[in-house]
Every structure is written in structure tokens, then in C-alpha cells.
Amino acid sequence: MTTELLGLQHTQLIELCLQAGVKPVHAEKILASVFRYNNRDLASIKELPLQLSAYLAEHVSILQPQCTAKQQSEDGTRKLLLKMNDGKEVETVLIQGSGRLTQCISTQVGCAVGCTFCLTATAGLTRNLTAAEMVAQVMAGQEISHRNVRNLVLMGMGEPLHNYDEVAQFVRIAADPKGMAFSPNRITLSTSGMVPAIYRMMEDKLPCNLAVSLNATTDEVRNRVIPINRKYPMAELMQAVNDYIKARGNKRVLIEYVMLAGVNDSIEDAKRLCDLLAGLGCTINLLPFNPYPGAVYESPSDVTVTAFRDVLVTAKIIAVVRESRGRDISAACGQLKTEVARRRQSAT
Ligand code: SF4
């Protein structure tokens, strides 16, 4: 049985070198070659001692998921469907912003949270992804973009904090300055509100930003939209956000708010949101719902979105409307995977 190299942190690479009987310093060469420059051919790393190369050839494997579908939007958004070794497929998305490329990473195959606006939720959870499978998504993104990915957001398929250990391992690998070298300020982990795991992130000082998918201003609505709210209601969640901000030296938390027509987009909602966020160091992203076939919600009108944002801005809350990217492709989370599965089924 071999060890999967892409799931190892620097300290574990050092252990590997010691087991091979060579100096720990060679771990840095592996970090630079594999993790920074996407080199999967270990034998080609000339600076490694022969003894280490032979050891790696025998004891280590490097994951290379197959890209089974690819889509490109008119706005530059690219979506990849990647097949892991067990045949399970996950999506990763590359989103072109003004001068910077952001990659959205999946952390699970499917998801158990059951948000009622989310296509991924309809299939339930199949399994957690490993840290190596998350690293492999970044490598696929870097390969297709010629190493241009600057920001990572853990907002793809899955609830990252339901897969805490592997996600934490991935974040540490991504933030290693000698390896993938993403600035911790450019890695954002988004949760639907797993309160105990937010405290764990705090204690572990996980090198990334926190985003919370709030999507409602009352427990009654949030229970319907994000069922996990019944376990961790809004008061507990907002307390955790407050504690996180304080513990991290007033580091801003991003609040995501998917706007659902007639559900959470009223002026009263906007005012309640102001009350919830008053005095907290939060930035809010307003995300008009991105409909998909069979969705039970609709997107609010532009007028409604603007009026909602204006209430927040007047209350001096930083609020940005994020237009859905890649509208001409299967942009909703889980949509490409669903469409490919449907096509395969109709072809048999
Ligand atoms: S929105 Fe995120 S947490 Fe909610 S069901 Fe979808 S993937 Fe899971």
C-alpha cells in the first residue's frame, strides 16, 4: 500500500525523507516541485538523491483525477468535472474576477446538510473527499489556467466543516509558503453554520478566512432554507461569529446571503439583517438565487436586490451584490454533475 503524496504536509514529507534515510531538507524540493509547480513526475526532480527517488517510487503515489467534462462560460467562468480513483466525480469552478482568478473547491461528494435551495443537496452525501483530492482539484485548476489561481474558496460541493480533519489538512497544505503558497487571506472556508466546528477552527488557528452562509434573518425561515439551523439556531451561530472575530483579532467574516424571491428578500429582512450584523466586523455578499431545472425557488428582481442592498449600505454595512457567474453554462453547484449523469443515462 502506497502513501498519497498530495495529502501530506511539510512535516509529513520530512518524515518521509527520514524514513528513506535522507536529509529532511529534501522535503522542500518535493514541496516546490510537486505542490508549487504541479510536477507529478517524481523521477524528473533532478535534485533528489537517488535513494529518495527509489523510496518514493516504491512507497508513494500521486493522484491524478481524470477530467470527464469541461464547460466554459462567455464571462470566462470554467467548470471542470473531475473523476477520482473510485469513480466518484466532483466539480471545481474557476471564476475570473477583475485581474484575479478564484477557484471554488469541493470538499465532499454530495452533501448531507440538505439546504433547500441547493442542487447538490438533492443527492445526499456519498463520501468525504481527502485532502489529497482537494489538492488535486487545485492542481487541475492551476494546470488549465497556467498557474494563475490566486484565491481559493471552499464553497463547492459539500459542507467543509462536516469533513473537518481533511479540510484542515488541505488548508494547511495550500497555505504552506514553501509549497502551494496561497496567502491565508486568499483562502476562504464557507460553512452553513456548524457552530462547534467554527470554535474548533478558532482554537486550531486554521490559516484561512471564514464565510458563513446565513440566507435568512429569522429562525423560522432559516429552518426551512438550511435545516441544520434546527440544531444550531441563529443566536448560537451569530455568537460563534462574534467570538471568532474577536479571537482572530477583529478579522472580518464574510456573510453570504442567497436571495430567494418572496422568502428572505423583503425590506423587513434587510432591516433585521442590519440588526444581526450591527457592530460585527462582517462583509456581506448578496447572491441572487441562481435557478436550475426543478428548483423550488426563484431569483428576486433587480429592483428588489438593489433596495435590499441600499438598506444595508445606509446602515454602513459593507454589502456587495455578486452576480452569478457562468449563467450560460451549468453554473449552479452540482448542476454540471447532474447534467452529465442525465446525458449518460439517456445514452444507455
Ligand atoms: S449549500 Fe453547501 S452546505 Fe448546503 S446542501 Fe449545498 S453543498 Fe451542502
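For the sequence shown, my numbering gives the first residue as 3, with consecutive numbering after it.
Idealized CB from N, CA, C, for every residue including glycine.
Since the model is a prediction, treat every value here as computed from it, not as a measurement.
CA nearest to the CA of Thr132, picked from Phe172, Met159, Arg42, Asn217 = For the purposes of this step, residue 132 is taken as residue 130 along the sequence shown, with counting starting at 1. Measuring from the Cα of Thr132, the nearest candidate turns out to be Phe172.
Which residues have their C-beta within less than 5 Å of a heavy atom of the ligand SF4, listed in chain order?
-> This criterion selects Cys113, Val115, Cys117, Cys120, Thr122, Ala123, Glu161, Ser194.
Indicate whether the contact test is met: 3 or more Cβ pairs, each with one atom in the region 279-298 and one in the region 104-115, closer than 8 Å.
-> No, the region 279-298 is not in contact with the region 104-115.
Taking buried to mean at least 16 other C-beta atoms within 10 Å of its own C-beta, is Ala22 buried or exposed?
-> Sequence index remark: in the sequence shown, residue 22 carries index 20 (1-based). Ala22 is buried by the Cβ-count criterion.
What three-state label does DSSP hand Ile97 in the structure shown?
-> For the purposes of this step, residue 97 is identified with residue 95 of the sequence shown, where counting begins at 1. When secondary structure is reduced to three states using DSSP, Ile97 falls in the strand class.
Is there contact between the region 119-127 and the region 172-191, where contact requires at least three CB pairs shorter than 8 Å?
-> No: the two stretches stay apart, fewer than three of their Cβ pairs being nearer than 8 Å.
Please classify Leu282: does DSSP put it in a helix, a strand, or coil?
-> Here residue 282 is taken as the residue at index 280 of the sequence shown, counted from 1. Three-state result, Leu282: coil.
Just checking my contact of Val243 with Val255 at CB under 8 Å: how many whole Å lie between their CB atoms?
-> As a first step, residue 243 must be located in the sequence shown, where it is residue number 241. As a first step, residue 255 must be located in the sequence shown, where it is residue number 253. The pair is a contact, with the Cβ atoms about 5 Å apart (cut-off 8 Å).
Within 10 angstroms of the Cβ of Thr308, are there 16 or more other Cβ atoms? Answer buried if so, exposed if not.
-> The sequence position of residue 308 within the sequence shown is 306, counting from 1. Exposed: under 16 other Cβ atoms inside 10 Å.
Alpha helix (DSSP H) containing Met157: first to last residue?
-> The count along the sequence shown starts at 1 and reaches residue 157 at position 155. Annotation for Met157: no alpha helix (DSSP H) segment contains it, and DSSP assigns it neither H nor E.
Return the CA-CA distance between Leu154 and Ser147, expressed in angstroms with no decimal places.
-> For the purposes of this step, residue 154 is identified with residue 152 of the sequence shown, where counting begins at 1. For the purposes of this step, residue 147 is identified with residue 145 of the sequence shown, where counting begins at 1. Pairing Leu154 with Ser147, the inter-Cα distance amounts to about 14 Å.
Between which two residues does the beta strand (DSSP E) harbouring Gln110 extend?
-> As a working mapping, residue 110 is identified with position 108 in the sequence shown. Per DSSP, Gln110 belongs to the beta strand (DSSP E) from 110-112.
Output the distance between the C-alpha atoms of Ile189 and Asp178, rounded to the nearest integer angstrom.
-> For the purposes of this step, residue 189 is identified with residue 187 of the sequence shown, where counting begins at 1. For the purposes of this step, residue 178 is identified with residue 176 of the sequence shown, where counting begins at 1. Approximately 12 Å between the Cα atoms of the pair.
Could you tell me whether the Cβ atoms of Gly195 and Tyr246 are closer together than 8 Å?
-> For the purposes of this step, residue 195 is identified with residue 193 of the sequence shown, where counting begins at 1. For the purposes of this step, residue 246 is identified with residue 244 of the sequence shown, where counting begins at 1. Not closer than 8 Å, so no.
Determine the burial state of Thr316: buried for a count of at least 16 other Cβ atoms within 10 Å of its Cβ, exposed for fewer.
-> Counted from its first residue, the sequence shown places residue 316 at position 314. Taking every protein chain shown into account, the CB of Thr316 has fewer than 16 other CB atoms within 10 angstroms, so this residue is exposed.
Gln105 and Leu96: beta carbons closer than 8 Å?
-> One-based indexing of the sequence shown puts residue 105 at position 103. One-based indexing of the sequence shown puts residue 96 at position 94. Cβ distance < 8 Å, so Gln105 and Leu96 count as in contact.
From the DSSP output, which residues share a beta bridge with Val151?
-> For the purposes of this step, residue 151 is taken as the residue at position 149 of the sequence shown. Paired residues: Leu103.
At a cut of 8 Å, does the region 337-347 reach the region 75-87 through at least three beta carbon pairs?
-> When C-beta atoms of the region 337-347 are compared with those of the region 75-87, three or more pairs fall below 8 Å, so the two segments count as touching.
Who pairs with Arg129 in a beta bridge, going by DSSP?
-> In the sequence shown, counting from the first residue as 1, residue 129 sits at position 127. Residue pairing for Arg129: DSSP places it in a beta bridge opposite Val111.
Counting only the same chain and skipping the five closest in sequence on each side, list residues whose C-beta sits under 7 Å from that of Glu91.
-> Here residue 91 refers to the residue found at position 89 of the sequence shown. Apart from the 5 residues on each side of it in sequence, Glu91 sits with its Cβ closer than 7 Å to the Cβ of Thr70, Leu83, Leu84, Lys85, Lys339 in its chain, given in chain order.
Is the distance from the Cβ of Leu275 to the Cβ of Thr219 below 8 Å?
-> By 1-based counting over the sequence shown, the position of residue 275 is 273. By 1-based counting over the sequence shown, the position of residue 219 is 217. In this structure, Thr219 lies closer than 8 Å to Leu275 by Cβ.
Bridge partners - Leu259, DSSP secondary structure assignment = For this step, residue 259 is matched to residue 257 along the sequence shown. According to the sequence as given, residue 259 is Tyr; it is not Leu. For Tyr259, which the question treats as bridged, DSSP gives the partners Leu288.
Please list, in chain order, all residues of the same chain as Ala170 whose beta carbon is under 7 Å from its beta carbon, the five residues on each side excluded.
-> For this step, residue 170 is matched to residue 168 along the sequence shown. Cβ within range, chain order: Asp206, Leu208.
Member of Lys253, Ala272, Asn292 whose CA lies at the smallest distance from the CA of Pro186 | As a position in the sequence shown, residue 186 is number 184, starting the count at 1. Closest option to Pro186, Cα to Cα, is Lys253.
Taking the alpha-carbon positions, what's the Asp43 to Ser55 distance?
-> Within the sequence shown, residue 43 is the residue found at index 41, counting from 1. Within the sequence shown, residue 55 is the residue found at index 53, counting from 1. Cα-Cα distance, rounded: 10 Å.
Provide the residue span of the beta strand (DSSP E) that contains Lys85, from first to last.
-> Numbered from 1 along the sequence shown, position 83 holds the residue referred to as residue 85. Looking at the DSSP string, the run of the beta strand (DSSP E) that includes Lys85 is 80-85.
Between which two residues does the alpha helix (DSSP H) carrying Ser55 extend?
-> Numbered from its first residue, the sequence shown carries residue 55 at position 53. 52-61 is the extent of the alpha helix (DSSP H) around Ser55.
Are Gly181 and Phe37 closer than 8 Å when you measure CB to CB?
-> The residue given as residue 181 occupies position 179 in the sequence shown. The residue given as residue 37 occupies position 35 in the sequence shown. For Gly181 and Phe37, yes; Cβs fall inside 8 Å.
Might you give, ordered along the chain, the residues of its own chain that have their beta carbon closer than 8 Å to the beta carbon of Ser63, omitting 5 neighbours on each side?
-> Numbered from 1 along the sequence shown, position 61 holds the residue referred to as residue 63. Once the five neighbours on either side are set aside, the close Cβ partners of Ser63 are Thr4, Thr5, Glu6, Leu7.
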